[in-house]
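**Student:** Here it is, the structure, as structure tokens.
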């Protein structure tokens, strides 16, 4: 688990080039590179822009680490829901 | 990143034995087994109990996946803060 959490942290830090926030370009690159296999709209510039605005709780045009964790939580929740549904079907 | 998120999900599902929520024993085991290297109080039963109560947003005595993600977010945030502080010192 520690390595999984470390991956979440280091991925953000490398995408933000060590800065506290991701700018639009950094967020787009991160989503395309890291989430294209688990997020349908990862390669649609419009959808990624919409996603960024949805995450941008303080509307500063950037994505903070906390806002990024909200996306990770959403992805983990939907992955968990899919696994629970699949397990229920196979019972 | 996908494997990191998968680890978050599968760890919860195995600790909760496929149920939607972790009971107190399941939460204690998860914290001791998974977070002892990154969480100081992971082996203190009282502190883990306190942590569980702090996470239990709907006060149902259990820890849901969403409440568990809050803990993961807290751990990731404090790990990120430590890395950012260390990087600032080495500049």
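Chains as they are written, first to last, in this note's numbering: chain A, 16 to 106; chain B, 16 to 106.
Beta carbons are placed, not taken as given, at the ideal position from N, Cα and C, and that holds for glycine.
Please check if any C-beta of chain B sits within less than 8 Å of the C-beta of residue 55 of chain A.
**Tutor:** Along the first chain, one-based indexing puts residue 55 of chain A at 40. Residue 55 of chain A does not count as touching chain B.
**Student:** Is the beta carbon of residue 45 of chain A less than 8 Å from the beta carbon of residue 54 of chain A?
**Tutor:** Here the question's residue 45 of chain A lines up with position 30 in the first chain. Here the question's residue 54 of chain A lines up with position 39 in the first chain. For residue 45 of chain A and residue 54 of chain A, no; Cβs fall outside 8 Å.
**Student:** Return the CA-CA distance between residue 25 of chain B and residue 16 of chain A, expressed in angstroms with no decimal places.
**Tutor:** Here residue 25 of chain B corresponds to residue number 10 of the second chain, with the count starting at 1. Here residue 16 of chain A corresponds to residue number 1 of the first chain, with the count starting at 1. Going by the C-alpha atoms only, they are around 10 Å apart.
**Student:** Please state whether the Cβ-Cβ distance between residue 78 of chain B and residue 71 of chain B is less than 8 Å.
**Tutor:** Residue mapping note: residue 78 of chain B aligns to position 63 of the second chain, counting from 1. Residue mapping note: residue 71 of chain B aligns to position 56 of the second chain, counting from 1. Yes, they are a contact pair.
**Student:** Considering only DSSP beta bridges, list what residue 78 of chain B is partnered with.
**Tutor:** Within the second chain, numbered from 1, the residue matching residue 78 of chain B stands at position 63. According to DSSP, which records beta bridges pairwise, residue 78 of chain B is partnered with B:37.
**Student:** Restricting to Cα atoms, I'd like to know which of A:86, A:52 and A:48 is closest to residue 65 of chain A.
**Tutor:** Working through the first chain from its first residue, we reach residue 65 of chain A at position 50. For the residues A:86, A:52 and A:48, the minimum Cα distance to residue 65 of chain A belongs to A:86.
**Student:** What span of residues does the alpha helix (DSSP H) with residue 19 of chain B cover, start to end?
**Tutor:** Mapped onto the second chain, residue 19 of chain B falls at position 4. Note, residue 19 of chain B: alpha helix (DSSP H), 17-30.
**Student:** How would you write the range of the alpha helix (DSSP H) that residue 54 of chain A sits in, first residue to last?
**Tutor:** As a position in the first chain, residue 54 of chain A is number 39, starting the count at 1. It is not in any alpha helix (DSSP H) - residue 54 of chain A carries neither H nor E in the DSSP assignment.
**Student:** Checking contacts by CB at 8 Å: is residue 92 of chain A closer than that to chain B?
**Tutor:** Here the question's residue 92 of chain A lines up with position 77 in the first chain. Judged by the 8 Å Cβ criterion, residue 92 of chain A is in contact with chain B.
**Student:** Alpha carbon to alpha carbon, how far is residue 99 of chain A from residue 107 of chain B? Give it in angstroms, no decimals.
**Tutor:** The shown model of chain B, from 16 to 106, leaves out residue 107 of chain B, and the question about it has no answer.
**Student:** Between the C-alpha atoms of residue 49 of chain A and residue 104 of chain B, what's the straight-line distance to the nearest angstrom?
**Tutor:** Position 34 of the first chain, counting from 1, holds the residue named residue 49 of chain A. Position 89 of the second chain, counting from 1, holds the residue named residue 104 of chain B. If I take the Cα positions, the gap works out to 29 Å.
**Student:** Taking any Cβ of chain B, which residues in the segment 23-34 of chain A have a Cβ under 9 Å from it, in chain order?
**Tutor:** From the segment 23-34 of chain A, only 23, 24, 25, 26, 27, 28 and 33 have a Cβ closer than 9 Å to chain B.
**Student:** Under 7 Å between beta-carbons, which chain A residues line up against residue 80 of chain B? List them in chain order, please.
**Tutor:** As a position in the second chain, residue 80 of chain B is number 65, starting the count at 1. Chain A residues near residue 80 of chain B: 92 and 95.
**Student:** Going by beta-carbon coordinates alone, are residue 41 of chain A and residue 59 of chain A separated by less than 8 Å?
**Tutor:** On the first chain, residue 41 of chain A is found 26 positions in, with the first residue counted as 1. On the first chain, residue 59 of chain A is found 44 positions in, with the first residue counted as 1. It is not a contact, given that the beta carbons lie outside the stated cut-off.
**Student:** Are there 16 or more other CB atoms within 10 angstroms of the CB of residue 88 of chain A, so buried, or fewer, so exposed?
**Tutor:** Taking the first chain and counting its residues from 1, one reaches residue 88 of chain A at position 73. Buried, by the Cβ-count rule.
**Student:** How should residue 43 of chain B be labelled, buried or exposed, when 16 other C-beta atoms within 10 angstroms of its C-beta is the threshold for buried?
**Tutor:** Counting from 1 along the second chain, the entry for residue 43 of chain B is found at position 28. The residue in question, residue 43 of chain B, is buried, as its Cβ has 16 or more Cβ neighbours within 10 Å.
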